[in-house]
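Note sheet for the following structure.
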Amino acid sequence: MESMATRDAYGKALVELGRINKDVVVLDADLSKSTKTDGFQKEFPERFFNIGIAEQNLIGCAAGFATSGKIPFASSFAVFATGRAYDQIRNSVSYSHLNVKIAASHAGITVGEDGGSHQMLEDIALMRAVPGMTVIVPADGVETKKAIFAAAQYVGPVYIRLGRPKVPIIFDEDYIFAIGKAAVIKEGSDVALMATGIMVSEALKAAELLQNQGFSAAVVNISTIKPIDAETITKVAQKTKAVVTCEEHNIYGGLGSAVAEVLVENCPVPMERIGVKDVFGRSGKPQELMEKYGLTAKDIVDAACKAMARKTK
Amino acid sequence: MDEKTLAFLKDKAKTISRHIIEMTGAAGSGHPGGSLSAADIITYLYFKELKIDPNNPDWPERDRFVLSKGHAAPVLYAALAERGFFPVEDLVTLRKIDSYLQGHPDMKRVKGVEMTTGSLGTGFSTAVGMALAARMDKKDNFIFVLLGDGEIQEGQVWEAAMAAAHYKLDNMIAILDYNGLQIDGPVSEVLSPEPLPDKWRAFGWEVLEIDGHDFDAIEKAINKAKEVKGKPTMIIAKTIKGKGVSFMENEAGWHGSAPNKEQVEKALAELS
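Shown next as structure tokens:
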């Protein structure tokens, strides 16, 4: 299977976007080679601004650009972009609904060897809590590019969560991405696996494993976590009557919480959450960490069986 | 500056100071001290300097003013109202439930407010972004920003200071409202930012030091700053917190508390 890191797709998408939209400017905080904004810098040096290791100023400058009719994309690692600059995102960007796009890479446990200090597991929760913020977690390279173009078209603040490692390409170019729309990428009737980001491909694997055990699992890609697609989530849950959420994020405040909020109000069904269980990460290879923190297809299968067993007869 | 202009500015600053007292008095809360200390600077900017148009607040070629010390919202609102951005009568609705005049500046609600501020240090960075954008678009406008002397304890201020110097933003003019007091007491005792001129120079800025209540000095400094090439300018303006109201002057206690009815009357009498 073809694979690509979502940060690589972001870097490529930015360059293409820059060619067709002269208002796009890119700001980075000394991580352009890692966040992949360096491609844009190379082609459009006059529209690229390295702010140095100063994330608060990174977001503040982006807000200033937005008030001047520009479409700034501000990039750093997720841990710094949302953690160190939370106040700036809240007060300078979202409070005034400014047109700033925060595209943060190296989110989640799969940062790997850098360890817990760099493995951001709370960014979805933080960004979801900010009024007016749109939160997007693309599942693969194809969706990343479409999400970046959609974010540039949308007027208002957007947080886009990107990853470090290569992940399988799930979608083909015909895939339609729309902000706020979840996509049922596999139909099923016994359980719904609702996943975001790199966990979508794990969920697809899990669905196959479940198939082998005789269970029909739906897979839903929830790439926009805010605004959440309550309609699709409810519809699928009504059919499957059991749900598992899958995210490379703390189980508190992220996709699991967002889906639970929808279900409890619309269609309460047994639900299990796959995610990092309120602990910090540690150094290791991405795959080892996925296993250690229970984020593999096998873990999803176990959770699905548990959820299905809880269905009322 | 000719005498007529000087008299006009002095009168306007007094009117604005009176608004500050009336607004905070009516609200029963707010920040009169640091609003009054900036009244002369703000008056100069809005009535002599800024290239702005109240009938076209989004005019792309306009100068920008960012009130980074957002708690001085009353002085900004008073100047904007006097300049015709919104009715002067609305000023006394400050901080009230249905008012668009929020406790701290909100650009989405108030015509003429260029940036939402209140969390200290944030406005300064946004001004750097505006200056970078203006440079990119080859505009000949200026980006002005007013900082508090307590505010510059925020680390973000120095991140932004480095960036402005690195990018040689000579279209950016910062003014420091150096009134020497912050909530907990004298700035020198809470956490001294001195030596201020040396610090800003070391960060790559042109530094000018003036009396922030002397309109001639303000004019000269701003005109000089506009001629500076290749770096941003910081005008350190020595001011008096609570300026113009005897019982408020140089009293840290008036940073964030409003005058009562009797105090409002006394203050207005002094400002008449």
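Protein sequence lines, in the order shown, are assigned to chains C and P. The numbering used here numbers the first residue of the first sequence as -7 and each following residue consecutively. The numbering used here numbers the first residue of the second sequence as 22 and each following residue consecutively. Just so it is clear, CB atoms sit at the ideal spot from N, CA and C, and this is done for glycine as well.
Non-local C-beta neighbours of residue 281 of chain C in its own chain, meaning closer than 6 Å and more than five positions away in sequence, comprise 101, ordered along the chain.
According to DSSP, residue pairing for residue 178 of chain C in a beta bridge involves C:211. Close to residue 72 of chain C, with beta-carbon spacing below 8 Å, lies no residue of chain P; the smallest spacing is near 13 Å. If you ignore the 5 residues before and after residue 148 of chain C, its C-beta comes within less than 7 Å of the C-beta of 89, 91, 124 and 126, all in its own chain and listed in chain order.
At a C-beta separation below 9 Å, residue 44 of chain C has these neighbours in chain P: 180, 183, 184 and 187.
The stretch 276 to 290 of chain C makes no contact with the stretch 251 to 265 of chain C, as fewer than three CB pairs between them are under 8 Å. Comparing alpha carbon positions, the residue from P:71, P:91 and P:79 closest to residue 145 of chain P is P:91. Residue 241 of chain P and residue 138 of chain C have their C-alpha atoms spaced approximately 53 Å apart. With a minimum length of 4 residues, the unbroken runs of alpha helix (DSSP H) contained wholly in the stretch 89 to 136 of chain P fall at 94 to 103. Three or more Cβ pairs drawn from the stretch 200 to 216 of chain P and the stretch 161 to 170 of chain P lie within less than 8 Å of each other, which places the two stretches in contact. The beta-carbon distance between residue 7 of chain C and residue 40 of chain C, rounded to whole angstroms, is 11 Å. This is too long to meet the 8 Å contact definition. In this structure, residue 184 of chain C places its C-beta atom within 8 Å of the C-beta atom of residue 232 of chain C.
Taking a Cβ-Cβ threshold of 8 Å, none of the residues of chain P is close to residue 24 of chain C; the smallest such distance is about 15 Å. In terms of beta-carbon proximity, residue 97 of chain C stays away from the interface with chain P, with every pair separated by 8 Å or more. Among the residues facing chain P, residue 151 of chain C is not included, as its CB has no counterpart in that chain under 8 Å away.
Under DSSP, residue 191 of chain P forms no beta bridge with any residue. Rounded to the nearest whole angstrom, the CA to CA distance from residue 192 of chain P to residue 128 of chain C is 36 Å.
When 9 Å is used as the limit between beta carbons, residue 129 of chain P is near these residues of chain C: 87, 88 and 89, in chain order. If you ignore the 5 residues before and after residue 54 of chain C, its C-beta comes within less than 6 Å of the C-beta of 19, 64, 66 and 92, all in its own chain and listed in chain order.
The three-state reading of DSSP puts residue 240 of chain C in strand, counting E and B together.
At least 8 Å separates the beta-carbon of residue 151 of chain P from that of residue -2 of chain C. Ranked by how close their Cα comes to the Cα of residue 257 of chain C, the residues C:291, C:162, C:229 and C:203 have C:229 in first place. Between residue 54 of chain P and residue 263 of chain P, the CB-CB gap stays under 8 Å. Spanning the alpha carbons of residue 42 of chain P and residue 96 of chain C requires a straight line of approximately 45 Å.
The three-state reading of DSSP puts residue 286 of chain P in helix, counting H, G and I together. Within the model, the alpha-carbon separation for residue 80 of chain P versus residue 213 of chain C is close to 43 Å.
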